[in-house]
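Residue numbers (UniProt numbering): 1 to 227.
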Ligand SMILES: C[S@@+](CC[C@H](N)C(=O)[O-])C[C@H]1O[C@@H](n2cnc3c(N)ncnc32)[C@H](O)[C@@H]1O
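Printed below as a string of structure tokens:
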């Protein structure tokens, strides 16, 4: 049984579906761990490249899993799965995959974007998924895991909570509403580090300028000091 790294352990702990699809399965370790622990009944691994497809097939050979070669949700049917994960990709790629076939998305989605995490939160905000939790691995190798549940049309209450705490939605989208509401110590350290890094750079892109300004607002708001 393959051992999961800290990042995929966080993902695995959040999955609640019986039939689970993992897009971009690569080595196939996530589904293997979930099936071996009877956390899911059936797994569907999706890969768009031949070598990772072969690797997933080898890992999942004796388990109740199917490995499909294809692009994201193209190879998943409507109402076929209860939960979905996409891990280790950039936020923009994840959003593209999620946007291709909205009618095929399941009730629960667990995502681990490596970058552009704000675009994933924004996608969920605009597409009827509530962000029900956010988890992260340690500060040195910080990976964020976002857990979403389909909500229908009502707006995500976490952003109302954020508003009541005196913080803007844009801050939540950028740095995570649950991390902010919990006054996450690791997030505070990361913000201070990113501020130092950005301040030391001569020419900032518009995006970096916006992040620096949002960090400044957060660190001077007193939010992290209020208990
Ligand atoms: C960096 S690996 C991450 C592997 C694994 N999910 C993890 O987190 O350890 C990304 C994998 O996603 C696959 N991939 C990228 N875009 C994809 C797409 N549109 N559909 C299916 N697989 C994709 C790549 O071939 C690669 O194996």
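Glycine included, every Cβ here is placed at the ideal spot set by N, Cα and C. Computed from a predicted model, the values in this text were never measured in an experiment.
Helix, strand or coil at residue 148 according to DSSP, with G and I counted as helix: strand
When 152, 48, 110 are compared against residue 126, the one with the closest alpha-carbon: 152
Would you say residue 67 touches ligand 3, meaning its beta carbon is less than 7 angstroms from a heavy atom? Ligand 3 is not part of the structure shown, which contains ligand 1 as its ligands.
Counting C-beta neighbours from all protein chains within 10 Å, is the total for residue 134 16 or more, i.e. buried, or is it exposed? A residue is called buried once 16 or more other Cβ atoms fall within 10 Å of its Cβ, and residue 134 is buried on that count.
Jot down the residue ranges of each uninterrupted alpha helix (DSSP H) in the stretch 157–188, minimum 4 residues, whole runs only, in chain order. DSSP runs (the alpha helix (DSSP H)) wholly in the stretch 157–188: 157–164, 169–175, 177–181.
Quick check on residue 126: does DSSP put it in helix, strand or coil? helix
Closer than 7 angstroms to a non-hydrogen atom of ligand 1 - does that hold for the CB of residue 87? Yes, the beta carbon of residue 87 sits closer than 7 angstroms to at least one heavy atom of ligand 1.
Taking the alpha helix (DSSP H) that residue 70 belongs to, which residues open and close that run? Note, residue 70: premise wrong, no alpha helix (DSSP H); not H, not E.
Whole beta strand (DSSP E) elements within the stretch 7–74, 3-residue minimum: 19–23, 42–47, 65–69
Out of 166, 22, 12, which has the shortest C-alpha to C-alpha gap to residue 226? 166
Are the CB atoms of residue 10 and residue 22 within a distance shorter than 8 angstroms? no
Sequence-distant residues of the same chain with beta carbon closer than 6 angstroms to residue 52, five excluded per side: The residues are 26.
Quick check: is any heavy atom of ligand 1 less than 7 angstroms from the C-beta of residue 66? Residue 66 Cβ: outside cutoff for every heavy atom of ligand 1.
Would the C-beta of residue 173 count as close to ligand 1, meaning under 7 angstroms from any of its heavy atoms? no
Quick check: the stretch 86–101 against the stretch 112–126, are there 3 or more CB pairs under 8 angstroms? The stretch 86–101 vs the stretch 112–126: in contact.
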